[in-house]
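K.L.:
In numbering that gives the first Met the number 0, the protein residues as written are 0 to 156. Each residue gets a CB set at the ideal place from its N, CA and C atoms; glycine is no exception. For reference, the structure I am asking about is given below.
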Amino acid sequence: MPRTILVVCLGNVCRSPMAAVLISRALPGCEVTSAGLAPPVGAAADPRAVQLLAQEGCDLTSHRARAVDGDLVTSADLVLVMESLQRETLEERFPQSRGKTFRLCESMDLDVPDPYGCSRQMFSIVLEMIKQGITCWSSQLELEDTVASADSHGEAT
0 MPRTILVVCL
10 GNVCRSPMAA
20 VLISRALPGC
30 EVTSAGLAPP
40 VGAAADPRAV
50 QLLAQEGCDL
60 TSHRARAVDG
70 DLVTSADLVL
80 VMESLQRETL
90 EERFPQSRGK
100 TFRLCESMDL
110 DVPDPYGCSR
120 QMFSIVLEMI
130 KQGITCWSSQ
140 LELEDTVASA
150 DSHGEAT
């Protein structure tokens with residue numbers, strides 16, 4: 000299982016901070032960080048994201064937007080983006096991200112739309128998509144970890 004996961008979106012004030020907090024909860028053994036491709040550096044998370052995550056029992060109040068950089072990408076075992084275009088952009092800017100960058104909702108073949116500037120209802124829809132993507136990734140990563148553990152103990156898979 001990856002030990003370090005980087006979650007990337009455009010502004011790092013809505014989708015990636017929500018996803019990072021929820022991934023941390025789903026995979027407590029992983030270090031999860033988030034960043035944006037074009038963030039308002041230092042900005043707080045969108046108030047609607049903060050409110051929705053509070054209802055999930057998570058605290059986003061201390062989050063501040065930051066830009067993705069080469070060190071974050073290099074140190075990540077897995078990079079999750081929200082949209083296909085973000086993956087392309089990330090791989091162009093940071094070639095070291097190739098082979099370890101995937102969309103959060105890859106298994107559903109979906110991009111997670113940007114709710115910035117939209118209604119609370121749109122934020123709720125996006126949150127549900129994020130949760131579905133995390134469920135898929137959590138299951139996949141736990142399965143890979145189980146198989147790897149069995150292989151390391153010489154058990155048949």
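1. Measuring CA to CA, which of 30, 12, 22 is closest to residue 131?
2. Do residue 36 and residue 113 have their CB atoms nearer than 8 angstroms?
3. Using only the alpha-carbon positions, how far apart do residue 159 and residue 13 sit?
4. Could you tell me if residue 16 is buried or exposed, where buried requires 16 or more neighbouring beta carbons within 10 angstroms of its beta carbon?
5. Which of the three DSSP states, helix, strand or coil, is assigned to residue 43?
6. Sorted by chain position, which residues of the same chain lie with C-beta nearer than 8 angstroms to residue 122's C-beta, five sequence neighbours on each side aside?
P.N.:
Let's see:
1. 22
2. no
3. Given a span of 0 to 156 for the chain in the structure shown, any question on residue 159 remains unanswerable.
4. buried
5. strand
6. 13, 45, 47, 48, 51, 114
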